[in-house]
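For any residue, its number in the numbering used here is found by taking its place in the sequence shown, counting from 1, and adding 341. We put the CB at the ideal spot given by N, CA and C, even for glycine.
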Amino acid sequence: MTSKIETLRLLEEFDHILRDIETEDYQALGFKDTKPSSEFIKLAEKERAKLTRKVDPRLLSQYERIMKRYGGRVVVQVIREFCGGCYIKLPSELASRCRTELVSCPNCGRFLYYVK
Ligand SMILES: [Zn+2]
């Protein structure tokens with residue numbers, strides 16, 4: 342996994358955390374009485390901001406666009422040669438390139454990573 346993908350994945354995780362905190366679903370999990378502290382929220386927001394500074398602005402706007410469009414799951418794994426986001430079969434050449442570089446799915450645009 343490239344470091345760019347790693348950063349994008351972390352960014353996505355913070356986005357999910359920050360969104361979860363606000364949803365009813367999260368509170369329905371039984372955390373009603375244990376709201377996350379404002380200290381934690383502030384920390385998560387700070388960490389997220391730190392990450393965005395590490396990402397190339399063009400890449401970041403691509404990320405934000407996909408996040409907005411799909412509401413999550415921006416960085417997905419390649420399963421065999423299938424996109425883990427939209428499930429199409431990727432060209433073999435592309436599927437192998439995502440092991441060493443930052444590649445996005447030609448169909449859904451999500452960022453792809455490969456796990457051995
Ligand atoms: Zn896809």
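The C-beta distance from F355 to E380 rounds to 15 angstroms, too long to meet the 8 angstroms contact threshold. For I407, the distance from the CB to the nearest heavy atom of ligand 1 is not below 7 angstroms. Straight across, the Cα-Cα distance linking A369 with E353 is about 22 angstroms. Not one heavy atom of ligand 1 falls within 7 angstroms of the beta-carbon of R421. If the five residues before and after E363 are omitted, its C-beta is found closer than 6 angstroms to no C-beta atom of its own chain.
Residue nearest to V417 within the set R394, D397, C446 and L359 is C446 (criterion: CA-CA distance). Ranked by Cα distance from I358, the options L400, R451, R414 and F423 are led by R414. Per DSSP, reduced to three states, the secondary structure at Y428 is coil, with no helix or strand assignment. In terms of Cα proximity to L349, the closest of E422, K383, P398 and I382 is P398.
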